[in-house]
Amino acid sequence: MLPQKEPFRFLDTVECFDREKRMITALQQFGNEEFFFKGHFPNNPIVPGVLLTESIAQAGLILISLLEGQKVKIGYLAQIEKTKFFKEVYPDEQVKVKCSLKKKIGKYYYIAGEVYSQQLNKRCMRATVIVCI
Numbered sequence: 000m001l002p003q004k005e006p007f008r009f010l011d012t013v014e015c016f017d018r019e020k021r022m023i024t025a026l027q028q029f030g031n032e033e034f035f036f037k038g039h040f041p042n043n044p045i046v047p048g049v050l051l052t053e054s055i056a057q058a059g060l061i062l063i064s065l066l067e068g069q070k071v072k073i074g075y076l077a078q079i080e081k082t083k084f085f086k087e088v089y090p091d092e093q094v095k096v097k098c099s100l101k102k103k104i105g106k107y108y109y110i111a112g113e114v115y116s117q118q119l120n121k122r123c124m125r126a127t128v129i130v131c132i
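Right, dumping it as C-alpha cells:
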C-alpha cells in the first residue's frame, strides 16, 4: 500500500484503522541490523528522529489511502510541525505509530502522529506532518 520500498519502509503492519475517527495505528520493529545503526551512533545506536518522523508520514499515507479508498501513488512530505522527542528508540525495539487526519486543504493532508515504545509503553515523539498528494 506504500509507495516506499525497502530499505526505506518503516512500518511492518497496520494494527488498527478507525474510519470514523480518521485514525490508524501501525507497528514497526527496528532490528539491530538496520543500515542506519552502523553510523547513528557507533557504540550507542539509536533510531534517527527523522526516521521516526518518516514512520509517521508513512502511516499517514496508509491512512489517506484507506480513507480515500485508493492507493496513494506518491506523497511528498511538505512540512513538519510541532515536533518533540521524549525518548530514544534503540535496536530491537518495537514502536507503535498512532496517527490521525486533522484536516485536508486541497491536496495537503495534516496528520498528527505519535510514536510509542511498545516495551516501555512510553511516548517517544510527536509531530504533525503535512503531506502533499
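Under numbering that gives the first Met the number 0, read the sequence shown as residues 0 to 132, first letter to last.
From the three backbone atoms N, C-alpha and C, an ideal C-beta is built for every residue, glycine too.
Inter-residue CB distance, TYR115 and ILE129 (contact presumed, cutoff 8 Å) = At roughly 22 Å, the Cβ-Cβ gap does not stay under 8 Å, so TYR115 and ILE129 are not in contact.
Supposed contact pair ALA77 and CYS131 - C-beta distance, whole angstroms, cut 8 Å = 5 Å
Using the DSSP secondary-structure output, state which residues sit across from PHE128 in a beta bridge.
-> Looking at the sequence shown, residue 128 is not Phe but Val. Answer by DSSP bridge pairing, in chain order: ILE79 and ILE110.
C-beta atoms of THR24 and LYS97 nearer than 8 Å | yes
Tell me whether VAL46 is buried or exposed, calling it buried when 16 or more other Cβ atoms sit within 10 Å of its Cβ.
-> buried
Based on the DSSP output, what are the partners of MET22 in its beta bridges?
-> ASP17 and SER99
Classify PHE84 as helix, strand or coil using the three-state DSSP reduction.
-> strand
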